[in-house]
Each structure stands twice: as structure tokens, then as C-alpha cells.
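Residues in the sequence shown are numbered from 272 upward in steps of one, following the numbering used here.
All residues carry an ideal CB built from backbone N, CA and C; glycine is no exception.
These numbers come from a predicted model, not from an experiment.
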Amino acid sequence: MDTIVLLKQVDVRVAKNGKQFLAIVFEDSSGEISGKYWDASNEDVNLYQAGEIVEVNGRRETYQNNPQIRIYSLRPVMKEEGYEVSQFVRQAPVSSDSLLDKMSYYQNEIAHPVWSKLVNYLVDKYHKRFFEYPAAKTNHHAFAGGLAFHTVSMLDLAHHMLDIYEGINKELLYSGIILHDLAKTIELSGPISTDYTLEGNLIGHIALIDEEVVKAAQTLEIDEETESFLLLRHLVLSHHGLKEYGSPVRPQILEAEVLHRIDEFDASMNMMTESLKQISPGEFTGRIFALENRKLYKPYYRK
């Protein structure tokens with residue numbers, strides 16, 4: 272097959288025979304698939320960079336239960352051929368206008384003077400990036416608009432949980448959910464050929480969002496010693512749940528535990544759903560590292 276695609280990720284590696292090859296992730300609006308370009312020359316390494324549009328000739332096959340392309344040839348696509356990078360970037364499954372409306376609704380549900388000011392200030396500060404960026408480089412919600420889509424999905428889940436469990440402070444939970452991954456707009460480079468920034472590699476989004484919350488409080492002249500301010504900081508700092516997963520502290524209040532569980536659940540559901548799309552009923556996926564290296568089976572009722 273001959274297909275026009277975007278090079279989402281390109282890594283130069285060395286095979287057992289000592290020759291270099293390119294480990295490539297191809298992307299178009301339907302999703303992504305990997306492939307290896309063997310015996311790559313130095314010219315190939317310079318020519319095929321992440322973010323470039325190419326025509327790939329190859330065959331779709333399966334390796335260790337994972338779909339991939341056996342690459343026969345690659346060629347760069349010239350600008351005069353009329354293709355734009357945006358045509359190949361996968362988008363969130365709902366419109367940005369819909370996500371914006373949902374976010375506005377949940378922001379308006381936060382009346383607490385401290386939390387409302389901080390949330391509105393930081394969402395306004397990173398508004399454009401928030402609705403364009405993915406939620407991760409790989410794994411969950413790794414598509415344009417994925418950050419906002421993930422956040423709104425979590426808010427919807429939290430909204431329903433409030434009817435089931437007593438004692439949850441709605442405004443604190445909504446505030447923590449909206450802010451918990453906001454620093455992905457600093458940690459990641461953007462929706463096209465997403466990579467980690469220098470800040471992302473050296474600091475990470477958890478420390479970065481805590482810093483942003485503190486700086487916002489200073490700008491807005493919010494007392495940093497009040498319980499309400501410390502509780503919000505606790506939610507964003509503990510949202511990965513365990514110290515070995517990057518949280519400086521473990522959840523110690525009800526809302527922090529709920530945020531962590533919702534975050535984990537929504538990410539897992541997205542990873543499972545996306546992996547199952549790649550296989551046919553009756554098949555297993557390859558092992559998914561981010562899901563404890565599990566394989567998933569696709570029952571025949573899932574068409």
C-alpha cells in the first residue's frame with residue numbers, strides 16, 4: 272500500500288548486525304502505527320525527522336500481537352503536493368467547543384473564593400494550550416485536545432460520584448481535577464510530534480503545577496497559609512497516588528483519593544479502548560506496559 276502519513280516519532284537505533292535503523296511511529300487522523308526502516312543511511316536519518324509528512328509503501332502485519340507496518344520504501348512529501356500537518360494529527364473525539372462549554376460549566380460550579388480565583392486565573396493563562404495539547408506523549412489521551420478531553424471526562428465522572436458518596440467537597444474536587452494536569456502544557460512540546468520539554472524532563476508536571484499554583488496565589492494575593500489553599504496544593508501534589516509514581520505525598524483527604532482514582536480509571540479506560548481498536552474479536556493485544564504489562568482479550572461481542 273502507498274499511504275501519506277505524518278512521522279509522529281522517529282528514533283535512531285542500532286540493530287544486532289551493527290547497522291542503524293529508524294523506529295518510527297506513523298500517524299494520521301485515524302490513529303497511529305509503528306514500523307522499522309531498516310539499514311537507514313545517515314542521509315535517511317537527516318531526512319526523516321519527526322513532524323515531517325511522508326509517503327510510505329508497505330504492508331500492515333502483526334508482531335507480538337501488535338500491529339505494525341513492514342516498510343518497503345519511504346519518500347518525503349513535498350510542500351507543493353498540498354498536504355498540511357494538521358490533516359494527520361488525531362483529534363479528540365468531541366469538538367473543542369463542546370469541551371470549552373463543559374469546562375465553563377464546571378468552573379462556574381466553583382464558588383469558593385480561593386479555589387475559584389486560582390482555577391480561573393490558571394485556565395485563562397494556559398487556555399490555548401489546554402485545549403490543544405495531548406494529555407501525554409504516549410499511552411493515554413495522546414492526541415490533540417487530549418488534555419482537555421481527559422480533564423472533562425474526569426469532571427463528568429466526579430459529577431456522578433457526588434450522588435453516590437457523601438462528604439465529598441464538590442468545589443475542591445472540581446478545582447483539583449481542573450488543575451491536576453494543567454502543567455502538561457509546560458511539560459510537553461505540543462500536539463504535533465509530542466516530546467518532553469526541558470522543564471518536563473528535569474522537573475515534571477506535578478512539581479510544575481504546584482509551582483504555578485503558588486505563583487498564582489502570590490499574584491492574586493491569596494494567603495498561602497490558609498487551609499483551603501493547602502488542600503488544593505495537596506490534591507495536585509498527590510494525584511499520582513504513590514511516591515514511586517511521582518507523587519511527593521500520598522492522598523490524605525477524601526477529595527485527593529477520589530481525584531487519584533478517577534485519574535487512574537479514566538487513563539486506564541482510554542488505554543484499553545485504544546488498544547482494543549487495533550485488534551479483531553478473538554485476538555489478544557500485545558502486552559501493555561502502562562497496564563502492568565497485561566494483555567487484553569477482545570470478545571466477539573465487541574465488533
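Figure out for me which residue from the options has the closest Cα to the Cα of residue i.
i	options	result
residue 463	383, 320 and 506	320
residue 491	387, 400 and 471	387
residue 567	560, 574 and 543	543
residue 412	553, 540 and 555	540
residue 291	340, 310 and 339	310
residue 304	316, 275, 351 and 284	275
residue 361	377, 434 and 278	278
residue 370	404, 555 and 317	404
residue 399	297, 443 and 416	416
residue 510	530, 435 and 430	530
residue 545	430, 414, 508 and 465	414
residue 298	565, 537, 432 and 340	340
residue 424	300, 377, 459 and 561	377
residue 572	558, 557, 552 and 564	552
residue 536	395, 318, 284 and 562	562
residue 385	498, 315 and 461	498
residue 284	315, 428 and 468	315
residue 395	449, 351 and 435	449
residue 346	436, 324, 334 and 467	324
residue 336	554, 474 and 517	554
residue 357	430, 457, 440 and 300	300
residue 344	565, 406, 280 and 293	293
residue 474	502, 505, 433 and 519	519
residue 549	538, 574, 564 and 295	574
residue 556	312, 326, 333 and 273	333
residue 506	493, 569 and 534	534
residue 402	512, 288 and 461	461
residue 538	308, 296, 380 and 410	410
residue 218	380, 286 and 322	With the chain covering only 272 through 574, there is no way to say anything about residue 218.
residue 569	352, 547, 558 and 559	547
residue 457	307, 342, 373 and 393	393
residue 502	348, 383, 342 and 286	383
List the residues that DSSP assigns as beta-bridge partners of residue i.
i	result
residue 214	In the structure as shown, the chain starts at 272 and stops at 574, and residue 214 therefore has no counterpart that could be examined.
residue 488	Per DSSP, none; premise fails for residue 488.
residue 274	327
residue 559	565
residue 291	285
residue 415	362
residue 280	296
residue 459	467
Just to check my reading of the structure: residue i and residue j have Cβ atoms closer than 8 Å, yes? What is that Cβ distance to the nearest angstrom?
i	j	result
residue 426	residue 484	Not confirmed; about 18 Å, so no contact.
residue 439	residue 525	6 Å
residue 521	residue 514	7 Å
residue 338	residue 331	6 Å
residue 408	residue 465	5 Å
residue 282	residue 328	That pair is no contact at about 21 Å.
Measuring from the CB of residue i, is there a heavy atom of the ligand COA at a distance below 7 Å?
i	result
residue 444	Among the components of this structure there are no ligands whatsoever, and the ligand COA is therefore not found.
task: Determine contact between the segment 436-454 and the segment 478-493, defined as no fewer than three beta-carbon pairs at a distance below 8 Å.
output: yes
Given 8 Å, three or more beta-carbon pairs between the segment 361-368 and the segment 415-425: yes
task: Just list the beta strand (DSSP E) runs in the segment 297-367, keeping only unbroken ones of 3 residues or longer that don't cross its boundaries, in chain order.
output: 302-308, 324-334 and 337-347
- prompt: With contact counted as at least three CB pairs below 8 Å, one residue from each stretch, are the segment 518-534 and the segment 434-449 in contact?
  reply: Touching, per the Cβ criterion.
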